[in-house]
Amino acid sequence: MRIYNFEDTTAEVNTDEMFMREALRLAQKAFEEDEVPIGAIIVAQNKIIGRGYNLTERLNDVTAHAEMQAFTAAANFLGGKYLKDCTLYVTVEPCVMCAGASYWTQVSRIVYGAKDEKRGYTTVAPHAMHPKTQIFGGILEEECGALMRSFFRAKR
Ligand SMILES: [Zn+2]
């Protein structure tokens, strides 16, 4: 992944973009299934250990957000509930529930795409995240946001 790039900071950005593309692919899958198009993955040591996308319609469960699916998948993969040294990639800024879940998993890093001005945790409860969790927003923001906009436009 880093072979073609010799500048460390740039390499990290490219890696984040690469993983965000995978989360975006899952968001697209949600879109095709008529679910709010949000996708998430968990990465540990540059490997994807959990994937998820929004399943609130299919499961008839308001808690079935992409992040929750990915957390469960990653914990199953690891055989432990904590996600220390893992990164969560999610196409849209987490809501308060998912921020709370992130807190409990102790995930080290969160990278999100588009901001959610209405329901994002930074608007609703900025202290919901664990203080040690590093958070980066705006990775592939345009593409992640565009998918959401086209979903809600079609609903109107
Ligand atoms: Zn959520």
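Read in full-length UniProt numbering, the sequence shown has 140 at position 140, and its numbers run on one by one without any break.
Cβ atoms here follow ideal geometry from the backbone N, Cα and C, with glycine treated the same way.
query                                                                                                                                                             : result
Mapping the DSSP letters down to three states, classify GLY52 as helix, strand or coil.                                                                           : strand
Would the beta-carbon of MET20 fall within 9 Å of that of GLY113?                                                                                                 : yes
Starting from the Cα of VAL111, find the closest Cα among MET148, GLN134 and PRO37 and give me that residue.                                                      : GLN134
Taking contact to mean 3 or more Cβ pairs, one atom from each stretch, closer than 8 Å, check whether the region 35 to 44 and the region 84 to 97 are in contact. : yes
Going by DSSP in three states, ALA40 sits in which element: helix, strand or coil?                                                                                : strand
Considering TYR121, what are the terminal residues of the alpha helix (DSSP H) in which it resides?                                                               : 121 to 124
Where DSSP assigns a beta bridge to ALA114, which residues make up the other side?                                                                                : VAL92
Quick test of your reading: GLY50 and PHE31, contact by CB under 8 Å. State the CB separation rounded to the nearest angstrom.                                    : That belief does not hold up - the Cβ atoms of GLY50 and PHE31 are roughly 20 Å apart, past 8 Å.
Could you tell me the boundaries of the beta strand (DSSP E) in which GLN134 lies?                                                                                : 134 to 136
What's the C-alpha gap between THR72 and GLU93?                                                                                                                   : 19 Å
Just the Cα atoms here: how many angstroms apart are VAL124 and GLY79?                                                                                            : 32 Å
Helix, strand or coil: how does DSSP classify ARG156 here?                                                                                                        : coil
What did DSSP end up calling LYS29 once you bin it into helix, strand or coil?                                                                                    : helix
Quick one, what's near ligand 1 if you take every residue whose CB is closer than 6 Å to any heavy atom, in chain order?                                          : HIS65, GLU67, PRO94, CYS95, MET97 and CYS98
Using alpha carbons as the reference points, say which of PHE151, VAL96, LEU26 and THR15 lies closest to PRO62.                                                   : The sequence shown places Val at residue 62, not Pro. The candidate whose alpha carbon is nearest that of VAL62 is VAL96.
Give me whichever residues DSSP pairs with ARG149 in a beta bridge.                                                                                               : Paired residue(s): none; ARG149 is not in a bridge.
Just to confirm the assignment, what range does the alpha helix (DSSP H) spanning TYR68 have?                                                                     : This sequence places Met at residue 68; Tyr is not what is there. Residues 66 to 78.
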